[in-house]
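What follows is a short report on a single structure.
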Ligand code: 5GP
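This is the structure:
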């Protein structure tokens, strides 16, 4: 494809939307794919901006017509990326950013193996639970069973982190934002076959440190806190 396809996934409450909005405001020529969903709009969400909000019937018709690059059932609602998003970005020579779940990301990687995939981890289940409670409070009410379910789902998603090329741990937002910018910059330079300018070398190094195979030390405490198997520490 002409542009780069970036996929970003994260458990609900990991701060992914903030990161996505930030990178969209910092970087030119990066289109954001507005997904289709059957869930109802929340808060100030607008049709066509955050999502295209459609009925189950319409969604199923689009499946029948093979209009989706990928789609998945997330928390009981359908979510999908239209093939047209990718075709439009390609036609305009733009990079495309998909904010999709782990199941959708696996489908896209099979179809577009050169896609750059990024997984954002929350620092710990406690911090994730606090963020989820704060968000629920802001939306009206805290339902502990919903929080517990989201935590269990987060654990399942984190289990798949090795499928992703890059890993970010969102403990300090400014750091995660810089890392995401570094990944986009570094991938663009690499694909264009360009040598980094002196002021870009630091970003390229930062991006390298976020490659999944270089993040064992960083992800170990997160995996252990979620009760998941973690890579062995390197012996001194
Ligand atoms: P929310 O309802 O909180 O906006 O999103 C719930 C989850 O659905 C998030 O993990 C988000 O990344 C995922 N999601 C949003 N759009 C799509 C899509 O088009 N395809 C897939 N597979 N997941 C999506």
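Numbering (the working numbering), first residue to last: 4 to 239. Glycine included, every Cβ here is placed at the ideal spot set by N, Cα and C.
Extent of the continuous alpha helix (DSSP H) to which residue i belongs
| i | result |
| --- | --- |
| residue 170 | Premise fails: residue 170 lies in the beta strand (DSSP E), 169-172, not in any alpha helix (DSSP H). |
| residue 20 | 19-29 |
| residue 141 | 128-142 |
| residue 145 | From DSSP, residue 145 is part of no alpha helix (DSSP H); its letter is neither H nor E. |
| residue 109 | 105-114 |
| residue 73 | Segment 71-77 is the beta strand (DSSP E) holding residue 73; no alpha helix (DSSP H) there. |
Of the residues the options, the one placed nearest residue i, counting alpha carbons only
| i | options | result |
| --- | --- | --- |
| residue 122 | 227, 193, 58, 183 | 183 |
| residue 150 | 24, 164, 134 | 134 |
| residue 75 | 58, 99, 40 | 40 |
| residue 161 | 118, 180, 104, 114 | 104 |
| residue 237 | 229, 18, 223 | 223 |
| residue 225 | 195, 200, 158 | 158 |
| residue 219 | 197, 169, 101 | 169 |
| residue 42 | 185, 62, 166, 34 | 62 |
| residue 51 | 84, 115, 117, 212 | 84 |
Run of the beta strand (DSSP E) containing residue i, from where it starts to where it stops
| i | result |
| --- | --- |
| residue 98 | 98-102 |
| residue 84 | 80-85 |
| residue 34 | 33-35 |
| residue 11 | 8-12 |
Environment of residue i [buried if 16+ CB atoms lie within 10 Å]
| i | result |
| --- | --- |
| residue 232 | exposed |
| residue 234 | exposed |
| residue 23 | buried |
| residue 7 | buried |
| residue 73 | buried |
| residue 80 | exposed |
Closer than 8 Å to chain C by CB, residue i
| i | result |
| --- | --- |
| residue 206 | Structure shown: chain C not included; a single protein chain is present. |
- Query: Any chance the segment 136-143 sits against the segment 18-30, with 3 or more Cβ pairs inside 8 Å?
  - Reply: no
- Taking only runs that begin and end inside the segment 148-227, name each unbroken alpha helix (DSSP H) of 4 or more residues, in chain order. 176-195, 201-212
- Any 3 or more C-beta pairs closer than 8 Å across the segment 36-54 and the segment 82-100: yes
- Does the pairing of the segment 49-67 with the segment 8-16 give three or more beta-carbon distances under 8 Å? no
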